[in-house]
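Asker:
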Amino acid sequence: MSKVLSFTGLIVSGLIVILFVADLAAAFPFQRESVAADAGFILGGLIVAYLSWSIMERTRK
Numbered sequence: 027m028s029k030v031l032s033f034t035g036l037i038v039s040g041l042i043v044i045l046f047v048a049d050l051a052a053a054f055p056f057q058r059e060s061v062a063a064d065a066g067f068i069l070g071g072l073i074v075a076y077l078s079w080s081i082m083e084r085t086r087k
């Protein structure tokens, strides 16, 4: 169960990072309303991705 949840967290965080990097790079889909919010969501997505990856590695052993 924890493996499925960590994999889901990895996928969702990857989608969040892609979405907000696209907003910073091309002003799509949010027309770059707040650069600080974009940076915060990217940082948060990367943190969740790291945590999900580390849990997946722990459950693999």
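In short: position in the sequence shown from 1, add 26, done, that's this note's numbering. Glycine included, C-beta positions come from ideal geometry on N, C-alpha and C.
Have a look at S32 and E59 and give me their C-alpha separation to the nearest angstrom.
Answerer: Straight-line Cα distance between these residues: approximately 31 Å.
Asker: For F46, count neighbouring Cβ atoms within 10 angstroms of its own Cβ and tell me buried if that reaches 16, exposed if not.
Answerer: It counts as buried.
Asker: Quick one, are the C-beta atoms of E35 and V74 less than 8 Å apart?
Answerer: It should be noted that the sequence gives Gly, not Glu, for residue 35. In contact: G35 and V74 (Cβ atoms closer than 8 Å).
Asker: Determine the contact status of V88 and G71, defining contact as a CB-CB distance below 8 Å.
Answerer: With the chain represented from 27 up to 87, any question about residue 88 goes unanswered, as that position is not in the structure.
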